[in-house]
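Listed in order, the protein sequences are those of chains A and B.
According to our numbering, the stretch in the first sequence is residues 41 to 155, in order.
According to our numbering, the stretch in the second sequence is residues 133 to 243, in order.
For each residue, glycine too, the CB sits at the ideal point set by N, CA and C.
Fair warning: this is a prediction, and the values are worked out from it, not measured in the lab.
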Amino acid sequence: KAGVTQTPRYLIKTRGQQVTLSCSPISGHRSVSWYQQTPGQGLQFLFEYFSETQRNKGNFPGRFSGRQFSNSRSEMNVSTLELGDSALYLCASSAVALAGGNEQFFGPGTRLTVL
Amino acid sequence: TQLLEQSPQFLSIQEGENLTVYCNSSSVFSSLQWYRQEPGEGPVLLVTVVTGGEVKKLKRLTFQFGDARKDSSLHITAAQPGDTGLYLCAGGENQGGKLIFGQGTELSVKP
């Protein structure tokens, strides 16, 4: 079974621009979560989508948004980029969770650099 | 706000030594996962524990979930250079795909 794929792997943008990142989950997985990883803050939860609906949201400004398609693929968008948005953006997928289990499988990430 | 405190943050040891990484919280989690991440890559799931007091072994790695489901530990026996990497603990809630991550432990095993 193929793992989680993310495109692009690397991206360079300038302040004020917007960016769209893509994530394809493991086949059969319906939940997709997004995380931001920086050296100072570590891994922080952005949001989660399940069956095309946002099910959970982290504490990030409205410039960060996402969506999920009927095939479970997901995109996240960051508008009006700031220097502090430079980070590794990780996508993770999971099957419908069993009671108490939240096994998530991560993609390789998209390295975003904002200049 | 749920927080996970991971210690130590950095660990540099010689090949063959044993080590333990701790993950502590004041909150109860429905599950706890351990990941290993290499530079430029996404975290790779090592284990998930869901029952208080649960112990799982993966070759030289032993994982334990505290009785109250608030803390966990990872013990590595006879560490090898291939164990080098960033180890992350993450707590899960009852449902949904939100994980709370610890800050990570950067492990370096020297030959």
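Cβ-Cβ separation between B:A210 and B:G148: approximately 5 Å, consistent with a contact (criterion under 8 Å). With at least 16 other beta carbons inside 10 angstroms of its own, B:G198 counts as buried. Under DSSP, B:S157 forms no beta bridge with any residue.
Counting only residues of its own chain and dropping the five nearest sequence neighbours on each side, B:A222 has a CB closer than 6 Å to the CB of Q165, L231, F233. If you draw a 10 Å sphere on the C-beta of A:L155, you find fewer than 16 other C-beta atoms in it, and that means exposed.
Here A:Q77 is buried, its C-beta having at least 16 other C-beta atoms within 10 Å.
Per DSSP, the beta-bridge partners of B:I145 are B:V241. Around the beta-carbon of A:R103, fewer than 16 other beta-carbon atoms lie within 10 Å, marking it exposed. Between A:L61 and the set A:T45, A:F90, A:T54, A:S67, the nearest pair of CA atoms involves A:T45.
Annotated three-state conformation of B:D215 is helix, per DSSP.
A:Y50 is classed as exposed because its beta carbon has fewer than 16 other beta carbons within 10 Å across all chains shown. Around the beta carbon of B:Q134, fewer than 16 other beta carbons lie within 10 angstroms, which makes this residue exposed. Contact note: B:Q141 does not reach chain A at a C-beta cutoff of 8 Å; the least C-beta distance is about 10 Å. Annotation: the continuous beta strand (DSSP E) that includes A:A127 extends over 127 to 134.
By the beta-carbon neighbour count (other beta carbons within 10 angstroms, threshold 16), B:F195 is buried.
Closer than 9 Å at the C-beta level to chain A, one finds these residues of the region 172 to 184 of chain B: G172, E173, G174, P175, V176, L177, T180, V182, T183. By the Cβ rule, the region 91 to 107 of chain A counts as touching the region 116 to 123 of chain A, because three or more pairs are nearer than 8 Å.
Following the DSSP letters along the chain, one finds A:N96 inside the beta strand (DSSP E) bounded by residues 93 to 97.
Among the residues of the region 70 to 88 of chain A, those with a Cβ less than 7 Å away from any Cβ of chain B are S71, S73, G82, L83, F85, E88, in the order of the chain.
Bridge pairing for B:D203: B:N156 [DSSP]. The beta carbon of A:T47 sits closer than 6 Å to those of S62, all from its chain and outside the five residues before and after it, given in chain order.
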